[in-house]
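Okay, structure first, notes after.
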């Protein structure tokens with residue numbers, strides 16, 4: 001009993017709260033915050049600059065995938081169109097009509113697209129940022145919303161400048177000079193605005209150029225709960241991105257375990273195990289999708305790097321269990337069953353039963369969560385190594 005009380009006391013200290021009531025409230029708030037917070041990202045700019053391609057890329061989709069934004073050489077977006085994240089429906093990307101087109105005039109654009117619905121704006125251009133882009137930025141600024149300039153199709157600009165027969169080193173120098181020139185040109189055009197930072201990106205390969213810098217700025221400017229939603233929703237394009245996701249999931253595991261302990265303390269035998277199974281399955285499924293271990297994400301990556309990554313990942317029993325869903329629930333239930341019996345017995349002990357039951361539930365649930373999280377993280381790291389993504 002002393003060991004269980006010591007464990008709960010240590011867990012309470014980790015929470016940073018003075019009482020169990022406040023620790024449980026904090027844990028529930030964190031779990032609800034991650035699951036229920038809504039993030040709405042507006043992607044806008046002039047017609048034909050690659051907005052739809054960017055919306056697809058940041059959601060990890062190709063143009064032929066289910067749920068992808070349609071791509072065309074003429075204006076394909078005639079009204080604000082919401083594209084939910086494929087595995088996080090509370091994160092929405094909005095493809096807005098091009099500013100300055102026949103339907104949406106620069107002067108009334110913000111009102112027409114209902115600017116108040118969006119957390120921030122990404123203004124996209126495939127060449128120079130033009131007068132309409134600057135007018136839009138000024139209007140966004142007046143509404144006290146954040147905006148970020150993204151210059152797309154950088155890979156085409158770089159390829160056009162590279163010389164046939166040049167060495168790898170020579171082409172690297174050409175690439176750096178081209179990027180510097182494009183960045184300067186963009187900043188010169190936007191000088192009246194500050195100038196704001198400009199991010200050079202190719203939607204065909206987010207690991208290249210400035211996508212990481214863009215994400216860093218977005219994280220810096222968003223409140224905690226929305227920042228976490230953004231990080232969880234991004235495709236895994238680097239080891240740094242994976243590590244950020246892993247860190248957030250470790251924090252969530254603590255909150256889920258505390259919530260489990262609160263349920264276990266209730267005098268209803270069997271309730272805790274049923275709730276624990278649901279919470280663990282939900283948690284590990286989120287990790288699985290966020291780490292990009294589902295078949296669709298792995299298949300895209302395999303084709304892009306021309307390596308059989310999918311077959312390697314299938315060696316993980318946990319990954320296979322999550323993919324089958326029912327199998328995962330059975331495995332988790334078996335792992336928690338013994339603990340559930342102990343909890344029921346603890347609740348029969350006068351006086352200290354609820355404390356013991358809470359301790360058993362917290363320890364067991366946290367153990368299962370962290371074991372699963374660590375295995376999925378290890379698999380995801382192997383995927384990045386095979387794909388040679390750093």
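Residue numbers (the UniProt record's numbering): 1 to 390.
Cβ atoms here follow ideal geometry from the backbone N, Cα and C, with glycine treated the same way.
Distance, residue j Cα to residue i Cα
i, j, result
"residue 175", "residue 155", "9 Å"
"residue 373", "residue 323", "15 Å"
"residue 128", "residue 149", "11 Å"
"residue 112", "residue 98", "12 Å"
"residue 92", "residue 291", "19 Å"
"residue 80", "residue 115", "10 Å"
"residue 253", "residue 172", "44 Å"
"residue 121", "residue 285", "30 Å"
"residue 220", "residue 230", "11 Å"
"residue 306", "residue 365", "39 Å"
"residue 43", "residue 55", "7 Å"
"residue 257", "residue 228", "19 Å"
"residue 250", "residue 216", "20 Å"
"residue 198", "residue 133", "13 Å"
"residue 180", "residue 246", "34 Å"
"residue 63", "residue 57", "9 Å"
"residue 370", "residue 144", "40 Å"
"residue 321", "residue 224", "32 Å"
"residue 394", "residue 279", "What the structure shows of the chain is the stretch from 1 to 390, and residue 394 is not part of that stretch, so it cannot be assessed."
"residue 105", "residue 222", "29 Å"
"residue 390", "residue 259", "36 Å"
"residue 407", "residue 160", "Here the chain comprises residues numbered 1 to 390, so residue 407 is not present and cannot be evaluated."
"residue 381", "residue 239", "7 Å"
"residue 142", "residue 315", "54 Å"
"residue 164", "residue 185", "25 Å"
"residue 368", "residue 87", "23 Å"
"residue 399", "residue 89", "The first residue shown for the chain is 1 and the last is 390, placing residue 399 beyond what the model contains."
"residue 46", "residue 283", "40 Å"
"residue 108", "residue 235", "34 Å"
"residue 325", "residue 48", "41 Å"
"residue 448", "residue 66", "Outside the modelled stretch of the chain, which goes from 1 to 390, sits residue 448, for which no answer is possible."
"residue 317", "residue 277", "18 Å"
"residue 135", "residue 255", "45 Å"
Residues near residue i by beta carbon distance below 6 Å, same chain, minus five either side
i, result
"residue 237", "206, 207"
"residue 212", "none"
"residue 140", "121, 147"
"residue 82", "92, 94"
"residue 110", "139"
Contacting residues, own chain, Cβ-Cβ under 7 Å from residue i (five flanking each side not counted)
i, result
"residue 50", "124, 126, 152, 153, 203"
"residue 226", "37, 39, 119"
"residue 313", "293, 298, 319, 379, 383"
"residue 68", "56, 61, 62"
"residue 117", "40"
Residue(s) in a DSSP beta bridge with residue i
i, result
"residue 121", "42, 147"
"residue 92", "40, 84"
Inter-residue CB distance, residue i and residue j (contact presumed, cutoff 8 Å)
i, j, result
"residue 376", "residue 288", "6 Å"
"residue 293", "residue 319", "6 Å"
"residue 201", "residue 188", "At roughly 19 Å, the Cβ-Cβ gap does not stay under 8 Å, so residue 201 and residue 188 are not in contact."
"residue 218", "residue 137", "The Cβ separation is near 16 Å, so there is no contact."
"residue 242", "residue 232", "Contact doesn't hold; Cβ gap of about 12 Å is too wide."
"residue 95", "residue 53", "The pair is not a contact, with the Cβ atoms about 10 Å apart (cut-off 8 Å)."
Own chain partners of residue i with C-beta closer than 8 Å, once the 5 adjacent residues on each side are dropped
i, result
"residue 393", "The structure shown does not extend to residue 393, since the chain is modelled only from 1 through 390, so no value can be given for it."
"residue 309", "298, 301, 302, 383, 386, 387"
"residue 85", "59, 91, 92, 93, 233"
"residue 196", "137, 147, 148, 149, 190"
"residue 244", "231"
"residue 162", "171, 174, 175"
is_contact[residue i, chain B] using C-beta, thresh 7 Å
i, result
"residue 53", "This model lacks chain B altogether; it includes just one protein chain."
Whole beta strand (DSSP E) elements within the region 170-234, 3-residue minimum: Taking only runs of at least 3 residues, the beta strand (DSSP E) segments lying wholly in the region 170-234 are 198-200.
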